[in-house]
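Asks:
Numbering (full-length UniProt numbering), first residue to last: 1 to 299.
#1: Anyone know if the C-beta pair for residue 161 and residue 270 falls short of 8 Å?
#2: Express the C-alpha separation of residue 282 and residue 88 in angstroms, rounding to a whole number.
#3: Step through the CB atoms of chain D and report whether any lies within less than 8 Å of the CB of residue 45.
#4: Short of 6 Å in beta carbon distance, which residues of its chain neighbour residue 126, apart from the five on each side in sequence? Order them along the chain.
#5: In the DSSP output, what is residue 190 paired with across the bridge?
#6: From residue 231 to residue 206, what does the alpha carbon distance come to, in whole angstroms?
#7: Just verifying my parser: in three-state terms, what is the DSSP assignment at residue 291?
#8: Considering only the alpha carbon of each residue, which of 50, 108, 60 and 42 lies closest to residue 245?
#9: Pick from 233, 260, 238 and 237: whose alpha carbon is nearest that of residue 247?
#10: Please go through the segment 84 to 148 and give each complete beta strand (DSSP E) segment of 3 or more residues, from N-terminal end onward.
#11: Is residue 135 buried or exposed, if buried means 16 or more other CB atoms sit within 10 Å of its CB?
#12: CB-CB under 6 Å to residue 158, same chain, minus the five flanking residues each way: which ones, in chain order?
#13: Helix, strand or coil for residue 50, going by three-state DSSP, please let me know.
#14: Nearest by alpha-carbon distance to residue 254: which of 187, 219, 168 and 203 is it?
#15: Using the Cα positions of residue 50 and residue 60, report the straight-line distance between them to the nearest angstrom.
#16: Go through its chain and collect everything with a Cβ distance to residue 117's Cβ below 8 Å, but skip five positions before and after it.
#17: Tell me whether residue 170 is buried or exposed, calling it buried when 16 or more other Cβ atoms sit within 10 Å of its Cβ.
#18: For residue 187 and residue 111, I'd like the C-alpha separation in whole angstroms.
#19: Does residue 231 come out as helix, strand or coil in the three-state DSSP assignment?
#20: Touching or not, the segment 65 to 75 and the segment 27 to 37, by the rule of three or more beta carbon pairs under 8 Å?
#21: Buried or exposed: where does residue 226 fall if 16 or more other Cβ atoms within 10 Å of its Cβ makes it buried?
#22: What residue range is occupied by the uninterrupted beta strand (DSSP E) comprising residue 173?
#23: On the DSSP bridge list, what partners appear for residue 202?
#24: Quick one: residues in its chain with C-beta nearer than 7 Å to the C-beta of residue 219, no 5 flanking neighbours on either side, listed in chain order?
#25: Take residue 224 and list the residues in its own chain whose beta-carbon comes closer than 7 Å to its own, dropping the five residues that flank it on each side.
#26: Bridge partners for residue 274 per DSSP, in chain order?
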């Protein structure tokens, strides 16, 4: 791939980002007619229209969107390739796009990004917080941080910490309604449901030795926010399935009690996962190492 093609890809990515021929001209130190001509030559060579023009803005055609996606990916691969063979790998730099869940991202990951930025000032970090399922490659993220099972076994991953799940309830609820003795007893209790993505949130899976049981639970309260459902459990509204990371301080203080302590539930271990590559960019490796170093083993 010669420098002219790389320059052309970079030009188009910049133009799409700025959304304006005039702004692109100012950024490149060119005249607007020169930028317009460069775009026209690209379209003539490809035989397709990449952008729709108006007097003020430009917008991508469907062909332009395809070209932009591939161009951004190619440029990122070139940067990663150069970084992997560079003698300055000890000093990570460049753009790092990270996705984390809303609550954990806000309380734990965001402060760590602040500290990471002080240690590695040449890394530009973009942190996106969302609880929805993501596609790292299609959404152009370098790294995703999630609790629980990995969303795609084709991804590379590194385990950050172990995190058990428990069934728990407030002492007041258990005093009023009794304590379940078997998993099947849960069907007779008010359960608080945490809805996450497309998970079967109303079916709880328990294990004791080699015996596995799945119980369909019911309750009048549900939410997609972990802090909300935890608050409802503390208020005595029912039994909740929650991870050690979220519930530890309330279990330690006695505000919540473990229900069915002899049964194990699927773990909610914390992972950093990334598009599988033979050679990770230094900035990705540095950030994962930073997470392992600074996230406490227990909350």
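In this text, a Cβ means the ideal position worked out from N, Cα and C, and glycines have one as well.
Here the structure is a predicted model, which means the values were calculated and not measured.
Replies: To lay it out plainly:
#1: The residue given as residue 161 occupies position 161 in the chain shown. The residue given as residue 270 occupies position 270 in the chain shown. Yes, Cβ-Cβ distance for residue 161 and residue 270 is below 8 Å.
#2: Within the chain shown, numbered from 1, the residue matching residue 88 stands at position 88. Within the chain shown, numbered from 1, the residue matching residue 282 stands at position 282. The predicted model places residue 88 with a pLDDT of 49, which falls under 50 and marks its position as unreliable; any figure quoted below should be read in that light. When rounded, the distance between both Cα atoms is 10 Å.
#3: Protein chain content of the structure displayed is limited to a single chain, and chain D is not contained in it.
#4: As a working mapping, residue 126 is identified with position 126 in the chain shown. Closer than 6 Å at the Cβ level, and outside the excluded window around residue 126, lie 97.
#5: Mapped onto the chain shown, residue 190 falls at position 190. Paired residues: 218.
#6: As a first step, residue 231 must be located in the chain shown, where it is residue number 231. As a first step, residue 206 must be located in the chain shown, where it is residue number 206. C-alpha of residue 231 to C-alpha of residue 206: approximately 23 Å in a straight line.
#7: By one-based count along the chain shown, residue 291 stands at place 291. In this structure, residue 291 counts as helix in the three-state DSSP scheme.
#8: Locating residue 245 in the chain shown gives position 245, where the first residue counts as 1. Nearest option by C-alpha distance: 108.
#9: Indexing the chain shown from 1 puts residue 247 at position 247. If we check each option's Cα against that of residue 247, 233 comes out closest.
#10: 94 to 100, 123 to 129 and 143 to 147
#11: Sequence index remark: in the chain shown, residue 135 carries index 135 (1-based). Exposed.
#12: The residue given as residue 158 occupies position 158 in the chain shown. Cβ within range, chain order: 272 and 288.
#13: Counting from one through the chain shown, the residue named residue 50 turns up at place 50. Of the three classes helix, strand and coil, the one that applies to residue 50 here is coil, per DSSP.
#14: To locate residue 254, count along the chain shown from 1; it is residue 254. Checked all of 187, 219, 168 and 203; the closest Cα to residue 254 is 168.
#15: Within the chain shown, the letter at position 50 stands for residue 50. Within the chain shown, the letter at position 60 stands for residue 60. Between residue 50 and residue 60, the C-alpha separation is close to 6 Å.
#16: Residue 117 sits at position 117 when you count from the first residue of the chain shown. Only 123 and 125 meet the Cβ criterion.
#17: The residue given as residue 170 occupies position 170 in the chain shown. So residue 170 ends up on the buried side.
#18: Here residue 187 is taken as the residue at index 187 of the chain shown, counted from 1. Here residue 111 is taken as the residue at index 111 of the chain shown, counted from 1. Between residue 187 and residue 111, the C-alpha separation is close to 40 Å.
#19: Position 231 of the chain shown holds residue 231. Correct three-state label for residue 231: helix.
#20: Look at the beta carbons and you see the segment 65 to 75 not touching the segment 27 to 37: under three pairs across the two are nearer than 8 Å.
#21: Sequence index remark: in the chain shown, residue 226 carries index 226 (1-based). With at least 16 other beta carbons inside 10 angstroms of its own, residue 226 counts as buried.
#22: Sequence index remark: in the chain shown, residue 173 carries index 173 (1-based). Per DSSP, residue 173 belongs to no beta strand (DSSP E); it is in the alpha helix (DSSP H), 171 to 177.
#23: Here residue 202 corresponds to residue number 202 of the chain shown, with the count starting at 1. Residue 202 pairs with nothing; no bridge assigned.
#24: Along the chain shown, one-based indexing puts residue 219 at 219. 190, 191, 192, 193 and 238, listed in sequence order.
#25: By 1-based counting over the chain shown, the position of residue 224 is 224. Once the five neighbours on either side are set aside, the close Cβ partners of residue 224 are 131, 195 and 196.
#26: Here residue 274 corresponds to residue number 274 of the chain shown, with the count starting at 1. Residue 274 pairs with 156.
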